[in-house]
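Here the sequence shown is numbered in this note's numbering, starting from 311 and rising by one per residue. We put the beta carbon where it would ideally sit given N, CA and C, even for glycine.
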Amino acid sequence: MGLIGVQENGKGEMALSLGNKSKYKRMDSELSDEFDDEASNHYNELERKKSIRKYVLACAIFASLNNVLLGYVQKFLHESFTLNPPNYLNTVICDLVSLPRSPLRISLLCTDVGVMSGAIIFIQEDLKISEVQEEVLVGILSIISLLGSLAGGRTSDIIGRKWTIAFAAVIFQIGAAIMTFAPSFQILMIGRVLAGVGIGFGVMIAPVYIAEISPTVDRGSLTSFPEIFINLGILLGYVSNYAFSGLSVHINWRVMLAVGILPSVFIGFALFIIPESPRWLVMQNRVEDARSVLLKTNENENDVDERLSEIVAAAGMSNGEKNEEKAVWRELLSPSPPLRRMLITGFGIQCFQQITGIDATVYYSPEIFKEAGIENNSKLLAATVAVGVTKTAFILIATFLVDRVGRKPLLYVSTIGMTVCLLTLSLTLGFLGHGQLGIALAVLCVCGNVAFFSVGMGPICWILTSEIFPLRLRAQASALGAVGNRVCSGLVAMSFLSLSRTITVGGTFFLFALLSALSVLFAYKCVPETKGKSLEQIELLFENHNEWQGSEVEMGDSEHLVQKA
């Protein structure tokens, strides 16, 4: 009996032992399955976020394609003579620094960028246009693009942001096609006017659309894309000039202009990919459609409903009904205190971007370098190319920094750096003469001014303008800011040579330095930090002005940024 009991106990113990093993196996299996599920969910979530980022990036790129046209079609330097293709750039620089010119003529000739700088030579020879017709052909684009930008705001409120981008592309295609086949100056002008309207619409709507579809964390970087694409267009314009200059006079300029149609063709394909702005959809009471777009463009699904509620509230459409409101332009002309602060910030930064002399610095850089003592054309070319490369490189740097360190630190670094460079350039041109030190400092200061501009004031101006206005006013207020920007640019271009003759080139840059110093104070006093905030939260900053102190980025942050760099 005792033996059997022992055996039974042994069996019992063995059974118990086997039971425990089975229990542990089941627990291990459950834990393993749970871990696998978590890993799978985590992987799927990461893949979803990557997919959304790629999608939003594609939307921003497609929306910015119209800005390629601005850079590609726009710039008449003033190559008014027969061009020797192998020495193309040297001829351009030589002409730029040696031809007699009037302030009005140069201001017009310097308003365009890219392909027209080469095409005009062949247009003159083929269509036999006069100098006055040349000036009209150049100047009309700037004027019409202003009107296009102004009309673009209202148009985008009516037909939507996406279809305004499409409309801009179609209008430009028609204009480019007419210019390509133009048999006379009159027909060429019709095409130029239509191209100007298309460019004006496209340039105005791109930052607004990108800001409205972008996730908060990437909005600044993506909204700076249009500025990058303008520079890309300039580069493509010069490449096109060089590539097609060897064709016959009757064909080459037409091919140059026809190539400009390609970006707008890509925009046509993009219409099947990019969504409508969720903010505009809410304004049309299409809340469910807006929710679908937010699900495609926001990485965190849990935030979608909260973000949608904020947009609905900001649009004044709670409970699905539109509130009574004043007409947009009446509201802009008689603004409430919060809107007045927005207008001061948005319109002010657009004006400061131009009155600090960036266009004069870029357009007249060969003239500045010649004033500093550079006389060799090859050296002038090298210095001028260095300015262009610097501008493009630092815009790319700004794209990576703007959502990481914020708008205000970059604005402080930008405006303070520009002030130092402009002041040093003024003193260099005024007191150092034509020595090697003066030349080196002039090149360094011009490149430095362009670099500081591109890393802050250049892209952030457009980012802020597309962020700060209420949804119902955003498009038209942004259009108004764009008009102010271009008017100030024109005034600077038209007055630079007259000022230079009156108070010297050094004195003119001293004036720019003073205006740049004022822009530092403007950034400190009138610009809130918008990094990491939704568009609706930014609107509340202006409603509650005292909250700026809590969210303000102080100058110490920019000093820390410089130390880190």
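*Per the contact definition of three or more C-beta pairs closer than 8 Å, is the region 649-667 in contact with the region 793-800?*
yes
_Whether or not the region 735-754 and the region 827-842 are in contact is what I'm after, with contact meaning three or more pairs of Cβ atoms, one per stretch, closer than 8 Å; do they touch?_
no
*Bounding residues of the alpha helix (DSSP H) (the contiguous stretch that carries Met499)*: 495-523
*Would you report the Cα separation of Ser810 and Ser675, rounded to the nearest angstrom?*
13 Å
*Which two residues bound the contiguous alpha helix (DSSP H) that contains Tyr834?*
784-836
*Give me the Cβ distance between Ala693 and Val802, rounded to the nearest whole Å; I'm assuming they're in contact under 8 Å.*
With 8 Å as the limit, Ala693 and Val802 do not qualify as a contact, their Cβ atoms being about 21 Å apart.
*asked:* Taking 6 Å as the limit between beta carbons, can you name the residues of its chain near Met593, skipping five residues before and five after?
replied: Ala625
*Return the first residue and the last residue of the alpha helix (DSSP H) that Val730 is part of.*
717-741
_Can you give me the C-alpha to C-alpha distance between Ile497 and Val507, rounded to a whole angstrom?_
16 Å
*Report buried or exposed for Asp467, applying the criterion of at least 16 other Cβ atoms within 10 angstroms of its Cβ.*
buried
*Give the straight-line distance between the Cα atoms of Ile571 and Leu380, rounded to the nearest whole angstrom.*
12 Å
*Contact check, Val765 vs Phe704 under 8 Å by CB: the rounded distance?*
5 Å
*Tell me, please, whether the region 586-605 touches the region 519-536 by the rule of three or more beta-carbon pairs shorter than 8 Å.*
yes
*Could you tell me if Ile469 is buried or exposed, where buried requires 16 or more neighbouring beta carbons within 10 angstroms of its beta carbon?*
exposed
*Pick from Asn562, Val527, Ser558: whose alpha carbon is nearest that of Thr607?*
Val527
*Check the C-beta distance from Gly530 over to Ala789 and give it rounded, since I have them as a contact under 8 Å.*
Going by Cβ atoms, the distance from Gly530 to Ala789 rounds to 21 Å, so no, they are not a contact pair.
*From Glu598 to Ala623, what does the alpha carbon distance come to, in whole angstroms?*
15 Å
*If we ignore side chains and look at the alpha-carbon of each, how far apart do His744 and Ile684 end up?*
8 Å
*Does the Cβ of Val756 have 16 or more other Cβ atoms within 10 Å, making it buried, or fewer, making it exposed?*
buried
*With a CB to CB cut of under 7 Å and the five nearest residues on each side skipped, what residues in its chain are close to Asn541?*
Gly381, Lys701, Thr702, Ile705
*asked:* Is it the case that the region 706-723 contacts the region 824-838, given that we only count it when at least three CB pairs across the two stretches are under 8 Å?
replied: yes
*Going by the CB atoms, is the gap between Ser534 and Pro769 shorter than 8 Å?*
yes
*Given a threshold of 16 other Cβ atoms within 10 Å of its Cβ, counted over all protein chains shown, does Thr812 qualify as buried or as exposed?*
exposed
*asked:* Let's test the definition: count the other Cβ atoms within 10 Å of the Cβ of Ala368 and tell me whether it reaches 16, buried, or not, exposed.
replied: exposed
*Can at least three beta-carbon pairs, one atom from the region 488-503 and one from the region 564-580, be found at a separation below 8 Å?*
yes
_Rounded separation between Thr709 and Gln786 - CA only_ = 25 Å
*Leu457: which of Ile484, Gly510, Cys771 sits nearest, CA to CA?*
Gly510
_Suppose contacts are defined by Cβ-Cβ distances below 8 Å. Is Glu641 in contact with Leu783 by that definition?_
yes
*Which listed residue (Ala600, Met767, Leu754) has its alpha carbon closest to that of Ile678*: Leu754
*Of the choices Pro648, Phe806, Asp713, whose alpha-carbon is the least far from that of Leu532?*
Asp713
*Could you give the DSSP three-state label for Ser558: helix, strand or coil?*
coil
*Flag this pair as yes or no: are the beta carbons of Gln660 and Gly794 separated by less than 8 Å?*
yes
_Restricting to Cα atoms, I'd like to know which of Ala568, Arg717, Ser776 is closest to Gly501._
Ala568
*Where does Gln847 sit, in a helix, a strand or coil, going by DSSP?*
helix
*Note down, in chain order, each residue of its chain lying with its Cβ closer than 8 Å to the Cβ of Ser619, except the 5 sequence neighbours on either side.*
none
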